[in-house]
Structures are given as C-alpha cells and as structure tokens.
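Engineer:
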Amino acid sequence: MTDLTQRVHQAFDEVVAPDTVKRETLAFINTYAEAEQAAHPAPSATSSTPGVSKRREGLRARSFKRTVVALAACLALVALGFGGFTLYAQPTAYVGIDVNPSIELGLNRFDTVVEVKALNDDGQTLLHDINLKGCRFEDALAKLTQSEAFAPYTQADAFIEISVTSDDARQAETLRSESDTCLQSLPCQGSCHAVDEQTREAAAQAGMGVGRYRAACELMELDPNITLEECSTMTMRELRDRIAAYSDEIDGDSSDASGGAGRGAHGNGHNAGHGHGSGKGAGRNASTTAP
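Numbering-wise, the sequence shown is residues 4 to 294 according to this note's numbering.
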C-alpha cells in the first residue's frame, strides 16, 4: 500500500458515513489503483532513458493522485449528504396526542414529521390508514383531525390533550401555538401544554401517552385507590371528568370543614391544575378550549 493510499484509508476512518459506503469506496479506489499499475507498469532501468522514465513516472503518479483526490471528494460529498440526512431525520421535538387513541409525532428542526408512533391499540388503528410522515406539523394536525378515522374523537363530549416536548423553546412555542389553533377549530374540548423530557420518559416507561399519564397521576393523587393500569383504559374525557368530580368534592368538603383554610388551599391548587389542563379554567391554556 502506497503512502498516499494509506493516508486515504486513514482519512476515511475519520469520515462519518455508513461503513458499507466507506468500504465500497475504498475497494473501488484500490481496484482503480491496481488497474492503473497494470496499465502503466513502472519502466525498467534498461528500457528507458533516466529522463524519460522519471517524466513518465511523474505523470503516472500525478494522474493517480488526481484520481484518488477526486474519489475522496466524492466520498466527502456522500458523507455530507449522509450527515444532512441525519440532521433532517433527527427529531428535536415530540408531540403527544391523547384522546382515547394515543400517538406521538417526532418532528425535526424544520417542524416536519419524521417519526410517528402509536402508543396504544386505538392509536395503531388510527394510524393504519393515515400517513403523517413528511408533513409539516400544522398540515399533519389538519390531516389527522379532519380524517374519517379521527372523526369519532372530535365529538362535543370528547377531550383531546396535546403535549409538546422540546429543548428548543422557540420550536416548542410554535408547536403549541399551532396546536391551540387546531384545537379551537374542533367541536370538542382540549388543551395543549409543554412537558419536560423527564415526564415524557416516565410516560413511555408506563406505556402511556404523556397527556394520559399526566392525567392519571393527577387522578391517583386525588384517589389513591385508583391504579395506573385502570387509568390506562380510560379515555381522556373519563379521566378529566373524574378529576373534576374529585376536585369539586374536595372544594365542597373544605368549605364545610372547621379547619378548612389549609385544606381549601390544597383544593384550590388541584382546581387550578384542572383549569389549566382541561382548558375549563382561567389559566394560560384556557384559549385551547373549543367554543
């Protein structure tokens, strides 16, 4: 192996590209080098004058170097293309949508859907005939909520919860704004809010969508006898109705209790949480409730 070929091999080791691409490119360079050497063998000492021999050898070396450089440049372009694809396909935000179906959309930095995941059986059924990959988020929401398969979940008695997770505050705000706009166009109730990655991971470990998981945790805090498994079988409407019922009960008890000042504050805390989550209260997500 020549010094130049060795350097090419070392350079390729530092290129971020699929191993198959690097192997095939290096194999092609080696094959070309062997063909060049066979077609232009080094002149013998007795067959050529020293000056002619050196010129031919110099021309052959320069030709080989140019070819290797060109092939290396091609691999660099392939690597850049692969890196660009990786950048495009890498999710920078996740949007969970929970009604009874639970699904999650992974979006890249351009707000384009690059991943779609069903989180329960109803979610799998919903996504069977709907392809959201490659759609801009706003278009994906419209395509989803206006589909025939999603129609039963937008009735007036339904509740849709959308959760946005992203380290990019600007992207998260854009996705929330577009989610609010979509929810306001639907006949059902709904809410959208930001959720941190820790909560998203906890929901994934529980096998639930983020919105359903958060509602389940809120309900279990109000009624310790309810399990996470029971909550996983409830629709978002059922979860929110039970949370509202327990919150109202706590408010009623606190107003009648002789020492109700402290407990009333606790009840109000839950009530505020319910208003923020369901869009029924005066919290910052109240605008997400459909008229």
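Where a beta carbon is used, it is the ideal one built from N, C-alpha and C, also for glycine.
According to DSSP, is Val198 helix, strand or coil?
Structural biologist: Here Val198 sits in coil by DSSP.
Engineer: Tell me which residues share the same chain as Gln201 and place their Cβ nearer than 7 Å to its Cβ, disregarding the 5 neighbours each side in the sequence.
Structural biologist: Nothing meets the Cβ criterion.
Engineer: Given this structure, state the Cα-to-Cα distance separating Thr236 from Arg245, to the nearest angstrom.
Structural biologist: Their backbone Cα atoms lie some 13 Å apart in a straight line.
Engineer: Using three-state DSSP, classify Ala219 as helix, strand or coil.
Structural biologist: Looking at Ala219 - three-state DSSP - the assignment turns out to be helix.
Engineer: Tell me which residues share the same chain as Leu130 and place their Cβ nearer than 7 Å to its Cβ, disregarding the 5 neighbours each side in the sequence.
Structural biologist: So the list reads Ile106, Val119, Ala121, once near-sequence residues are dropped.
Engineer: If you drop the 5 nearest sequence neighbours on each side, which residues of the same chain put their C-beta closer than 8 Å to that of Met239?
Structural biologist: So the list reads Asp101, Val102, Asn103, Ala161, Phe162, Ile163, Glu164, Gly214, Arg215, Ala218, once near-sequence residues are dropped.
Engineer: With distances taken Cα to Cα, identify the nearest neighbour of Ala207 among Gly99, Leu178, Pro94, Glu224.
Structural biologist: Answer by Cα proximity: Gly99.
Engineer: Grab the span of the alpha helix (DSSP H) containing Leu110 for me, first residue to last.
Structural biologist: Leu110 -> not in any alpha helix (DSSP H); beta strand (DSSP E) instead, spanning 105 to 110.
Engineer: Taking the beta carbon of Glu151 as the centre, do at least 16 other beta carbons fall within 10 Å, making it buried, or is it exposed?
Structural biologist: Answer is exposed; the Cβ neighbour count stays below 16.
Engineer: Tyr91: buried (16+ other C-beta within 10 angstroms of its C-beta) or exposed?
Structural biologist: Exposed.
Engineer: Alpha carbon to alpha carbon, how far is Glu241 from Leu110?
Structural biologist: In a straight line, the C-alpha of Glu241 is about 29 Å away from that of Leu110.
Engineer: Please look up how many angstroms separate the CB atoms of Leu178 and Phe140, rounded, as I've assumed it's under 8 Å.
Structural biologist: Right, their Cβ atoms sit about 6 Å apart.
Engineer: To the nearest angstrom, how far is it from the Cα of Glu204 to the Cα of Leu108?
Structural biologist: Approximately 15 Å between the Cα atoms of the pair.
Engineer: According to the Cβ coordinates, are Leu144 and Glu176 closer than 9 Å?
Structural biologist: The answer is no: Cβ separation not under 9 Å.
Engineer: Quick one, are the C-beta atoms of Thr89 and Asp171 less than 9 Å apart?
Structural biologist: No. Outside cutoff.
Engineer: Pick out the complete alpha helix (DSSP H) segments inside the region 162 to 197, 4 residues or longer, and give them in chain order.
Structural biologist: Here the runs fully enclosed are 172 to 187.
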